[in-house]
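Below: the structure, in structure tokens.
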Amino acid sequence: MASSDLIFSEYVEGSSSNKALEIYNGTGAAIDLAAAGYAIDIYFNGNTTATRFALTGTVAAGDVYVFAHASADPAILAEADQTTGSGLFNGDDAIVLVRGETVVDSIGQVGVDPGSEWGGDPLGTQDMTLRRDAGVLEGDTDPADAFDPTQGWTASATDDFSGLGSHDTTVPLMINEIQVSTSGSDWEFVELHGAAGASLDGWSLIGLDGDGADAGTIDLAIDLTGQSIGADGLFLAASPTAQSTYSVTADLGIADNSFENGTSSYFLVHGFTGAVGDDLDAQDDGALDSTPWDTLADSVALTDGGAGDATYAAAVIGPDGSFLPSGGFRDGDGGAWSETLLDFSTPDGTPGAPNPATEDPGDPDDPDTPAPTEPTLISAVQGAGAASPLEGQQVMLRAVVTGDFQNGDADDSRNLGGFYLQEEDADADGDARTSEGIFVYDGAFGTDVQVGDVVSVVGTVSEYFGLTELTALSSVTVESSGNALPTAAAIDLSTVGTMVDAGGDVVPDLEFAEGMLVSFTESLTITEMFNLDRFNEIRLVQGDRPMQYTQTHAPDAAGYAAYLEEVGQHSITYDDGLSVQNAPITNLDGFDPFTTATAPSMGDTIGTLTGVLDYQWGGESSSPTTWRVRATSDGENVFEDTNPADTSPQEVGGDLRIASLNVLNFFTTLDDGSLTANGQEPRGANTPEEYQRQLDKLVTTLVEMDADVVGLVEIENDPNSTPLATLVAALNAELGVGTYDYVNTGTLGGDAITGAFIYRTSAVETRGGFATLETEAFLDPLGTGSDLNRPALAQSFRDLETGKSFTAVVNHLKSKGSLSGDAADADQGDGAGNNNATRLAAALALADWLESAPTGEKSGRTIMLGDYNSYAMEDPVQALVDAGYVDLAREFIGEEAWSYVFDGYTGTLDYAFANERWASLVAGVTEWHVNSDEADALDYNTDYGRDPDIFDAASALRNSDHDPVIVGINLVADVRIAAPAEGGGYDRVDGFARFDRALAAAQDGWRVNVDDGAAIGDFGTANVTAEALIVRADAPVSGTLVLGAGVVEIRLRGESGIDVLGSEGANLVVGSHGDNVLEGGAGDDRLMGRDGADLLAGGAGFDILRGGDGADIFRLDLGAEIDVAADFDAGEGDRIDLTAFGYAGFEALQEDMAERHGNVVIATDSGEVLRLRDTALSDLHAEDFLFAIA
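Numbering (this note's numbering), first residue to last: 8 to 1197.
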């Protein structure tokens, strides 16, 4: 490509008289310098009048012309075409190449004295040789603009003349533009610049991690062999998301999420012999120990400025405040890296197209535009839309400081580089659509403000990641202090609209209060604390904590979308006053002190959240630009311990306790660059300290669980079961030698983690060997070529007390995270997430496998444990239910059960499934919320600068991210059901541990018998569906039997206090020898109390009530129609309950009583009738009636 005119190609400002200028002719034609009027003008010491040196001679096409001082070094003079004895330039003098009066190139800035030089070490205009970059073909034709020698020039040492006399215009191969982190799904690309048509054979782009212990590790390698630079000098490699976002077609497609969202360095190299996973900085000292390539063409690093981060490239972009830059670009293709960064939220890059030449930095203010002297209302700046109608305009604001977040003042917990202003109440415009507040970004302007100050500020309106703010300040004046603060905007999230934030999530549309003081009128509940330890932010919801949609609903795209909309509307992020990562958690107002004992839990609430509201980025893709509330002072927000930490599991009863526990990737192989014994990367502790902390907390947890058999998931897969042995040894060190043992399976499958069993040796013993399901139909059911599910592990055990055997199975199905690669596994948008098809196929294969009794144990008692990565109403769980397995948590706890919190939603991923026979013996189930409700800041990790004193090994809290599931089993069946025998009597059918399950299994005419001493107690309510049933139970069994629509007869036996609630049909209810409450319902019922002090209420219909022996109560209810008390006997202490009718006393009642045919009839004004058989009026007295509730 030809140049349009001559350019300076080398600048020598050396010692003494070593001064020279090289001029390159890239026009393609020879130029007669004198005839064309070329000259060099030098402007000394900031002058605006030049000293001119006219040029003579001819410069051939592609050649250079050297102008030098006559006393320069002989090496310079050997190349010189023209010399002068006059004094030449120093580092602070501007130089202009002109053709006549037309400027064709310049060095420095005319009219400006920079002091000693433009630029500085290592690249400046004093005592240095500068060479023009090969890709620069046009000169700087504006000598009055700011000059930055880093833009298009390369430095060499003082008195280096080695390049003088020739100019290399070969276009180097370089990284020209790169974007790695954006809102939502990252639109990632890298653009190369080089000579048109140049082959990229043998070249590679590699990425090196720069964060913490992983610094120097290769995590990206893109082979460019077979590719070439395009005719426009550009080559583009881009992800599908980037190609879609920018509407471009890449020369080379790369996978989404190829680039790191943290500090990383990128190298363009030739002859690469390394591999992903290689650590090139094994010493972690910030210097590369090895360079597995033969040629390095270019490198660039992007950094978030995190403490301890390493960059290895020559050029470093960022940080963007305290965040990772979205990306960067070279000025005008092939130039220096621009100071302008690519936008995180708006796709403003130019992938596959020429880069813009950004303006040189300088004074942004136009001196011809006078500063405004009259204030503009903040509401006018904010406008009624998302962006300001005055964007880019300079305005003056006069308002009250409501939040002081300036850097460098006494409050180092609120440093956002500015302050919040809000109009005084009298200046509010009354328009509900326009905010009265704004953030003023003052950088280091220098005027300190305080909350309550009235200030006037002149600056420029700008939009920053969607936040309207005032920037580029020219004045800040404090007019008065100690003023009353304006009224906070009252926000009820149920009344606002919704929008989609930069992360792609539905959030409330709070544009109307942007930058204002706000006060939330309704109580808010903590739903998520994943970002607490890194960004000091949590998520809150107005109302109850939301459950995962598919926890209670079948997957459905429309329903799921509507549900996300509803929950998103009611959610808000609460943040601290910093934009840095890894600050102390106590910086978040309401979280000081923060220890394991004092930490708020998810489910805790705040009655009135207050602060300032803004729309800002949190610093990383996991903390996107969204609405954030920030406290303006310490102690402003106080959280209530609404959901106290669950430090001990609930009792589940039974003789045997079986549990499932996720051990959060417990590895004895440290994640320090080592590989596990089966060649996988470790996923657990990074350091010996973390390892010991994790082990100690797991031991505390297992001791507290006190289970007899535990199925473990996420433990290191090891040929010698070393991690399992280590865990059991530590547990036995706490409880006594030999208390627990483990099933030694060795390596199972090829993943880094596996399932396992430990068991209490005094309670059970293993029965036979273990069995595994490792078929392709289970591990990789869709045939993707990779094992996705971990092998299922089955082991049979024998209970030592009863001799009964059972089989336990532990599973860990494919997660909802990375896709399997099969189209059937793609997220359908219905709430089930990724890989549902793989999990469903695995669940079906699992059910079939268990039908075959894989361990050889045929007792028919099976329990499945583990992480199924499916919520309760999703296909895999429902497939197991359809196969005859009972979801025990749902059965005992209900649909509100949960074991995991993801993205603020609760749900069950961890299960205990039992077949019907085994489920009948279950006494109780709990999901111990020791983990899912707690912040991960409490766990064993020490990353993100976490205060190590937060950790408490003696507390089980946050030993994992999944909750344990604990099941109590009654191996001795206390409740038996029996069917009528042909010859009389009853034949036993089955035994149960639970009364309600026995009732559900009993058929018409059967008998349900509760053994003496059974640990049933009060069973609450239980449904009866058999048409006729006999129930025998003694005290202390109690509760209420609710009769179904088809039930005709229920007879109670024994001494229990069981009550009965009849149906709408005609019921015969016979009580026990205990005290019973018998209620007939709507039909024509017969109620018989037998012995004991019974209460009988017929309800609607014609009912016969017979109390039997004992002091009974006959209750007449509103709407009862006609009830007959067949054996009322005041002498036995029987009484009539008329409390529903409001009688003032016996005298008032006598008006409604009459004696007929040897019976007393009570007829109320509302039409109810109670007939007391074989009773005279004279037999009745006031003490025989209940007129008020006792």
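Idealized CB from N, CA, C, for every residue including glycine.
Computed from a predicted structure; not experimentally measured.
On the criterion of 16 or more Cβ atoms from any shown chain inside 10 Å, does residue i qualify as buried, or is it exposed?
| i | result |
| --- | --- |
| N52 | exposed |
| F15 | buried |
| T1028 | exposed |
| K865 | exposed |
| V283 | exposed |
| N727 | exposed |
| G126 | buried |
Under 9 Å, do residue i and residue j count as touching if we go by C-beta distance?
| i | j | result |
| --- | --- | --- |
| F674 | P730 | yes |
| V1017 | G1046 | no |
| F196 | A262 | no |
| G399 | E518 | no |
| V932 | A896 | yes |
| D662 | L978 | yes |
| S271 | V187 | yes |
| W925 | F813 | yes |
| D327 | G269 | no |
| F764 | V744 | no |
| E486 | G522 | no |
| D134 | E29 | no |
| L755 | T779 | yes |
| F1148 | E1175 | yes |
How close, in whole Å, do the beta carbons of residue i and residue j come, if the pair is a contact with beta carbons under 8 Å?
| i | j | result |
| --- | --- | --- |
| L215 | F242 | Not really, about 21 Å apart at Cβ, beyond 8 Å. |
| L180 | L62 | Not really, about 34 Å apart at Cβ, beyond 8 Å. |
| R965 | D943 | 6 Å |
| L1006 | V1031 | 6 Å |
So for residue i, helix, strand or coil by DSSP?
| i | result |
| --- | --- |
| S22 | coil |
| P368 | Bear in mind that the predicted position of P368 carries a pLDDT of just 33, short of 50, making it unreliable; the figure below should be weighed with that in mind. It is coil, neither helix nor strand. |
| A778 | strand |
| W125 | coil |
| P798 | coil |
| W925 | helix |
| P374 | Unreliable placement is indicated for P374, whose pLDDT of 43 sits below 50; the coordinate value is still reported in the next sentence. It is coil, neither helix nor strand. |
| E1190 | helix |
| S246 | coil |
| M554 | strand |
| P515 | strand |
| D140 | coil |
| M712 | helix |
| T353 | coil |
| D6 | No answer is possible for residue 6: it lies beyond the span of the chain, which begins at 8 and ends at 1197. |
| Q401 | strand |
| Y50 | strand |
| A61 | strand |
| F899 | helix |
| A1005 | helix |
| E941 | coil |
| Y1223 | The question about residue 1223 has no answer, for the chain in this structure spans 8 to 1197. |
| G990 | coil |
| A1197 | Low confidence applies here, because A1197 scores a pLDDT of 46, under 50, leaving its location unreliable; read the following figure in that light. The answer is coil: DSSP assigns A1197 none of H, G, I, E or B. |
| D950 | coil |
Run through the DSSP bridge pairs and tell me what residue i is partnered with.
| i | result |
| --- | --- |
| Y471 | L474 |
| I114 | I102 |
| Y892 | N922 |
| H277 | W210, T302 |
| L1075 | E1056, R1093 |
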